[in-house]
Structures are given as structure tokens and as C-alpha cells.
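In my numbering, the protein residues as written are 111 to 513. The beta-carbon is built from N, C-alpha and C at its ideal position, and this holds for glycine as well. As the structure is a prediction and not an experimental result, all values here were calculated from the model.
Structure below.
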């Protein structure tokens, strides 16, 4: 707001009755630069001799009650770029902390507009599209007339459950494509703010778009651009240094598979969390419902594959193979098949191979369970040997063990 507008607020509410909150990094209205000091100066003007009516110095609130940590981490990364190149652009209020953990944003690079249109129409209906204000009508047409397309400036002050920031970079002016690339890839020169002052406002605009989101945030670029390609690399890799010179230990966002509508409806972090939940549920079902446990493990494998997390997918596959094998042993014992000599030999070989996989994947509790089941067979084959108990089962952690 301008000082004139703030003065109007004071007159309407009365001095001493006005509560204002703001984020100077979200000053995206053209021609207006919000600063907390402006509020106090208006208060001095209206208070006259009443010093008690002058607004107190602003208090800083760093707990965010709207967005989760995955979104706030992305917002903080954008601010770090802004303060590195434009240190006087806004008052540095410190990093926001979320009350909840959440998935990192997802990135759709070179996504077909028709695919995004289908996504928001079928899988993510109600998702809000944010773009440059002068690009709204064009984006609506790209998405087949989808109505929930907002200009970022027009959306300031609003909040949405799910947001896709669409074509932010491919819509930037041509003369700013390379400056954005140099900044994001850590190659900006000391005079960057002097040569490219427009980037400051664009960073604030991007930050404002990100902070509109409550739960699920995506970035989508339908066209290749110099700045967009650099942004995707900056967001989804850990090979670039942060503005303070340190190497990132975790990517800001995850790359999503644009050819898979079902995959695009969730970020990699969400797929990973879903896979873990299914795997944990399968463990709880093992002793109660065999078919349910197998089904849950199959779902976990699928989720891990969608998350492109090979390590967890391999663990779940080994867990499923072992559980299926143990069920077969139990069935054989019930039906009397386990009394066959050839069965003992074949089962021992298969069990040893599965045991090796479990240990390789560090699934030690499952390995212990398999070892106990195999012990029944080995006693029949090697009646005088306590090898399994002495050298394997006792070496594996007990039920109190946790990963």
C-alpha cells in the first residue's frame, strides 16, 4: 500500500485500533514499495501529541501457519537469490519455519499444454494456475479454457490448496533470459543489480506465487527457454552452489514424469511417502492377512518406482520375495509337502539366495524371520547341526530393533 492508503486506514479505524501484517518481499504492485517504516511514519503524522498512538516497532513472525516445510524451503531459496543480488530489496526477516513437513515442489519441464489441461481437469481439478498477469488469457487458451488461471499480482493476498506456476520463465523478456541463467547458475557478476534491476521485481513475483500455495506446488514450463532450463537445473539438482557458496545437500524440488498423468498428480516425495506407508502397513498385516500384506507390498513397489527411488523399490521387492517364500514354507508344513527330501534341498537353495538379498538390502528383521522359518528345514536335513541358530539367527537383531 502507498502511504496515502495507509493514512486512509488510520482514519477509518482510528489511531491505535489498526493491526497490519505484511511481507516486504511480496511488494509486487508496480510503482509501490512497501516498507514497515512507512507505516510508522504515517502513525507519527496522525498521532500528533499522542505518542501512545504511534505504532510500535514491527514484530517479526517466522512461524508460517499456512504452508508446509517443502513449500517454505522453495520460498527461502528464492529469497536467498534475491538477497544475494539485491541485498537492499526488502527487509530480511529471516527464514520461515513451517509447523508441518511436506513434499517438495514438483517440476514439469517441457510439458504439453494439453497434458496439463487434462491433469487439472481429471486428476487435480480445482488446482489454481498462476502466471504473469499479462499472460492469463493466453494460458487459459493453452489449457482448453480452464478458468482457474490467475495473474500473480491479482492473486496476492489469496491462498490456494494446490498451485501450478505456469510458464513463468518462458514468458520473461528475451533480454533477461541470460541474466536469469547467470544468477541461478551462480555466475552473476558484482554489478548484476545495476545491469539488471528488473530481475528484483521478478524474483519478488516468483516468491509471491510460491507463497500462495498451502499444500501442493508445481512448476510447469510448456516451452524451452534459457532461464527456464537453468531454473529446472537449479531446482532439481545438488550440483550447484547456493548464494553463500555452499553445495546443496538436497534438491529444492523433484522432477516429475510429464508423460504419466497419474505420476504428475503427485510429487516424487508424495509417491515416496505413500510407498513407505504401504510397506509399513504390509509389515503389520503379515501375521493377519497374507494376501493383504502381499497387495500392500506390491503397491509400495509401484509407489517407489513412481518416485524413481530404486533403493526403496529393491528393498520392497526383496521383502515381497521373502514373504511369499515364507508363506510357501508354512503352506508346505501344513499340507505335509515339507516331508519330501527333494523339497528340502530345493527350498534350502532358494531360501539361502533370498537370505543373501535381504542382508544385502539391510532388511535384517525380515532376514531373522526367514532364518527361523528355514531353521525348521535345516534341522530335518542336518539334525545334529545348530549352524542356523548359532551363526545366523543369533547375529541378527531381535524384535526391538528399528531401522
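Terminal residues of the alpha helix (DSSP H) in which residue i lies
i           : result
residue 309 : 308 to 320
residue 289 : 287 to 294
residue 345 : 336 to 346
residue 228 : 223 to 228
residue 297 : Taken as a continuous stretch (DSSP letters only), residue 297 belongs to no alpha helix (DSSP H), as it is neither H nor E.
residue 432 : 420 to 445
Unbroken beta strand (DSSP E) run spanning residue i, endpoints
i           : result
residue 182 : Residue 182 -> not in any beta strand (DSSP E); alpha helix (DSSP H) instead, spanning 179 to 195.
Secondary structure of residue i, DSSP reduced to three states
i           : result
residue 279 : coil
residue 251 : helix
residue 327 : strand
residue 268 : coil
residue 218 : strand
residue 510 : Confidence is the limiting factor: at residue 510 the pLDDT is only 47, short of 50, which leaves the residue's position unreliable and the question unanswerable from this model.
residue 260 : strand
residue 241 : strand
residue 365 : strand
residue 404 : helix
residue 167 : coil
Cut-off 6 Å between Cβ atoms - residues of its own chain near residue i, not counting five sequence neighbours on either side
i           : result
residue 510 : Model confidence at residue 510 stands at a pLDDT of 47, short of 50, so the residue's coordinates are unreliable; what they give is reported in the following sentence. Nothing meets the Cβ criterion.
residue 513 : At residue 513, the pLDDT of 39 sits below 50, so the modelled position is not reliable; the number obtained from the coordinates is stated separately. Taken in chain order, the list of residues that qualify is empty.
residue 210 : 178
residue 280 : 331, 333, 335, 338
residue 340 : 291, 294, 295
Cβ-based neighbour list, residue i, same chain, cut-off 8 Å, excluding 5 preceding and 5 following
i           : result
residue 164 : 150, 153, 154, 157
residue 440 : 483
residue 480 : 432, 435, 436, 461, 464, 465, 468
Contact under 8 Å by Cβ, residue i with residue j
i           : j           : result
residue 177 : residue 353 : no
residue 263 : residue 243 : yes
residue 521 : residue 484 : Nothing can be reported for residue 521, as the shown portion of the chain is limited to 111 through 513.
residue 442 : residue 330 : no
residue 406 : residue 392 : yes
residue 283 : residue 306 : no
residue 422 : residue 464 : no
residue 230 : residue 253 : yes
residue 259 : residue 342 : no
residue 515 : residue 389 : Only positions 111 to 513 of the chain appear in this structure, which leaves residue 515 out of reach.
residue 309 : residue 286 : yes
Close Cβ partners of residue i (< 7 Å) along its chain, the five nearest in sequence each way excluded
i           : result
residue 471 : 424, 425, 428
residue 316 : 188, 278
residue 322 : 240, 265, 268, 269, 270, 273
Nearest residue (CA-CA) to residue i, options the options
i           : options            : result
residue 362 : 185, 161, 167      : 185
residue 348 : 256, 295, 399      : 295
residue 168 : 223, 130, 265, 179 : 130
residue 300 : 194, 339, 253      : 194
residue 326 : 227, 179, 402, 281 : 179
residue 417 : 388, 377, 401      : 377
residue 345 : 291, 314, 396      : 291
residue 432 : 482, 225, 313      : 482
Beta carbon proximity, residue i to chain B, threshold 8 Å
i           : result
residue 356 : Of the chains in the structure shown, none is chain B; there is only one protein chain.
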